[in-house]
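Structure, as structure tokens:
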Amino acid sequence: YYAMELLEGEDLSSLLKRGPVDPMRAADLIAQASRALAEAHKRGIVHRDIKPANLFLCTLGGDADFIKVLDFGLAKLAERANQSQLTQAGMAVGTPSWVSPEVVMGRPADARADVYALGAVLYALVTGGPPFAGEDMRAILMAHLRQTPTRPSERLGRQLPAALETIIMRALDKEPADRYADAAALGEALAAFLRDPQSAARQKPRHHRRLRTPSKNDVHSHTTRPPERRQAYQPMGEVHAPTYIGEADWDDYLKTRDEDSRAEA
């Protein structure tokens, strides 16, 4: 038999049903989740299925907003996780709203994939919904690859702390190298924000290249095209379509990328 901890409370998916969360509270919840995941990342373990349903809000020691990270059933040692394992596991759980671009591509994922998922959950907490919405799973997955989410304040229709928005957008960067290195780094940024909400707003803004307006075939949400840096996801050598998206979608993605590259040349 299994002896398991009994938790009383609700997961963040239940919390989200009631609408956006106060930004300071949202930052605190994801800071807690980041600290918990940091312990796994230090040991080379990637969760790979961070989503609101796996972040449980309970009371512990008088703290009514204590976060527990659940379901490490898909967790893998990063150094041992191969491409097929990552892709097949991702297909099994079917959580496209929170998956990173590199996982969509079927590439090996490290701690930065969890950072992306945490950023997506934080985005949902402050806006009331995930970064991308579409007619089907493929549309959402392609949006993770090709589009930049609307800034949270624009999505929400009111101003949010600029520092928090900066943190969210960095966590959701398409390029793993441009995100926080791991959950510990994300947690530290959120802790700094909670201590001084103006801190990140004073940082030098990040520079991106021109963004392209989405076409009518793009995902049905308020999004813009990401910086044209997708070559980082081009597989080396022989090109294989990722398991997460269909052959036609993958061909369309490659065609669009090549057209964009020629247009900028």
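Converting from the sequence shown to this note's numbering requires adding 36 to each position, the first position being numbered 1.
Backbone N, C-alpha and C fix where the C-beta goes; we use that ideal spot for every residue, glycine too.
None of these values were measured; they are calculated from a predicted model.
In whole angstroms, what is the alpha-carbon distance linking residue 192 and residue 162?
-> Counting from one through the sequence shown, the residue named residue 192 turns up at place 156. Counting from one through the sequence shown, the residue named residue 162 turns up at place 126. Each residue's Cα considered, the two are about 8 Å apart.
Could you give the distance in angstroms between the alpha-carbon of residue 226 and the alpha-carbon of residue 216?
-> As a working note, residue 226 is residue 190 in the sequence shown. As a working note, residue 216 is residue 180 in the sequence shown. One C-alpha to the other measures close to 11 Å.
Alpha carbon of residue 104 to alpha carbon of residue 178, nearest angstrom = Numbered from 1 along the sequence shown, position 68 holds the residue referred to as residue 104. Numbered from 1 along the sequence shown, position 142 holds the residue referred to as residue 178. So the two alpha carbons sit approximately 30 Å from each other.
Any heavy atom of the ligand SAM closer than 6 Å to the CB of residue 216?
-> This structure lacks the ligand SAM, and indeed carries no ligand of any kind.
Identify every residue that forms a DSSP beta bridge with residue 91.
-> By 1-based counting over the sequence shown, the position of residue 91 is 55. Residue 91 is bridged to 105.
With residue 45 as the anchor, note down where its beta strand (DSSP E) starts and where it stops.
-> Numbered from 1 along the sequence shown, position 9 holds the residue referred to as residue 45. Annotation: the continuous beta strand (DSSP E) that includes residue 45 extends over 45-47.
Rounded separation between residue 136 and residue 194 - CA only = For the purposes of this step, residue 136 is taken as the residue at position 100 of the sequence shown. For the purposes of this step, residue 194 is taken as the residue at position 158 of the sequence shown. Rounded to whole angstroms, residue 136 to residue 194 spans 27 Å at the Cα level.
Cβ of residue 150 within 7 Å of any chain B Cβ | Among the chains of the structure shown, chain B does not appear; only one protein chain is present.
For residue 106 versus residue 92, is the C-beta distance shorter than 7 Å?
-> As a position in the sequence shown, residue 106 is number 70, starting the count at 1. As a position in the sequence shown, residue 92 is number 56, starting the count at 1. Against a cut-off of 7 Å, the Cβ pair of residue 92 and residue 106 comes out as a contact.
Which value, in whole angstroms, describes the spacing of the CA atoms of residue 145 and residue 46?
-> In the sequence shown, residue 145 corresponds to position 109, counting from 1. In the sequence shown, residue 46 corresponds to position 10, counting from 1. One C-alpha to the other measures close to 28 Å.
Give the range of the alpha helix (DSSP H) segment to which residue 68 is assigned.
-> Residue numbering aside, residue 68 sits at position 32 when the sequence shown is read from its first letter. Note, residue 68: alpha helix (DSSP H), 59-78.
Expressed to the nearest angstrom, what Euclidean distance is found between the alpha-carbon atoms of residue 51 and residue 153?
-> Start at 1 with the first residue of the sequence shown, and residue 51 comes out as number 15. Start at 1 with the first residue of the sequence shown, and residue 153 comes out as number 117. The straight-line gap from Cα to Cα measures roughly 17 Å.
Buried or exposed for residue 158, please, with buried defined as at least 16 other CB atoms from any protein chain shown within 10 angstroms of its CB.
-> Residue numbering aside, residue 158 sits at position 122 when the sequence shown is read from its first letter. Buried: at least 16 other Cβ atoms inside 10 Å.
Answer with buried or exposed for residue 95, where buried requires no fewer than 16 other C-beta atoms within 10 angstroms of its C-beta.
-> As a position in the sequence shown, residue 95 is number 59, starting the count at 1. Classification of residue 95: exposed, given that the 10 Å Cβ count is below 16.
Is it the case that the Cβ atoms of residue 181 and residue 140 are separated by a distance below 7 Å?
-> Residue numbering aside, residue 181 sits at position 145 when the sequence shown is read from its first letter. Residue numbering aside, residue 140 sits at position 104 when the sequence shown is read from its first letter. In this structure, residue 140 lies closer than 7 Å to residue 181 by Cβ.
Spatial neighbours of residue 167 in its chain, beta-carbon cut-off 7 Å, leaving aside the 5 residues before and after = Counting from one through the sequence shown, the residue named residue 167 turns up at place 131. Counting only residues of its own chain and dropping the five nearest sequence neighbours on each side, residue 167 has a CB closer than 7 Å to the CB of 156, 159, 185 and 208.
The alpha helix (DSSP H) enclosing residue 139, as first and last residue numbers | Position 103 of the sequence shown, counting from 1, holds the residue named residue 139. That run of the alpha helix (DSSP H) goes 137-140.
C-beta atoms of residue 77 and residue 221 nearer than 7 Å = Sequence index remark: in the sequence shown, residue 77 carries index 41 (1-based). Sequence index remark: in the sequence shown, residue 221 carries index 185 (1-based). Against a cut-off of 7 Å, the Cβ pair of residue 221 and residue 77 comes out as no contact.
With respect to the alpha helix (DSSP H) encompassing residue 229, which residues constitute its N-terminal and C-terminal limits?
-> By 1-based counting over the sequence shown, the position of residue 229 is 193. Per DSSP, residue 229 belongs to the alpha helix (DSSP H) from 219-231.
Straight-line gap, residue 63 to residue 131 (C-alpha atoms, nearest Å) = Taking the first residue of the sequence shown as position 1, residue 63 is located at position 27. Taking the first residue of the sequence shown as position 1, residue 131 is located at position 95. Straight-line Cα distance between these residues: approximately 22 Å.
What separation, rounded to the nearest whole angstrom, lies between the Cα atoms of residue 230 and residue 197?
-> What you label residue 230 is simply residue 194 of the sequence shown in a count that begins at 1. What you label residue 197 is simply residue 161 of the sequence shown in a count that begins at 1. Going from the Cα of residue 230 to the Cα of residue 197 covers about 11 Å.
What do you get for residue 201, buried or exposed, if any count of 16 or more other CB atoms within 10 angstroms of its CB means buried?
-> In the sequence shown, residue 201 corresponds to position 165, counting from 1. Under this definition residue 201 is a buried residue.
Compute the distance between the beta-carbons of residue 233 and residue 164, then report whether it is under 7 Å.
-> Locating residue 233 in the sequence shown gives position 197, counting from the first residue. Locating residue 164 in the sequence shown gives position 128, counting from the first residue. No, the pair does not count as a contact, with Cβ atoms beyond the cut-off.
Check whether the Cβ atoms of residue 148 and residue 212 lie closer than 7 Å to each other.
-> For the purposes of this step, residue 148 is taken as residue 112 along the sequence shown, with counting starting at 1. For the purposes of this step, residue 212 is taken as residue 176 along the sequence shown, with counting starting at 1. Yes, these two residues count as a Cβ contact at 7 Å.
Give the range of the alpha helix (DSSP H) segment to which residue 154 is assigned.
-> By 1-based counting over the sequence shown, the position of residue 154 is 118. 147-163 is the span of the alpha helix (DSSP H), which, as asked, contains residue 154.
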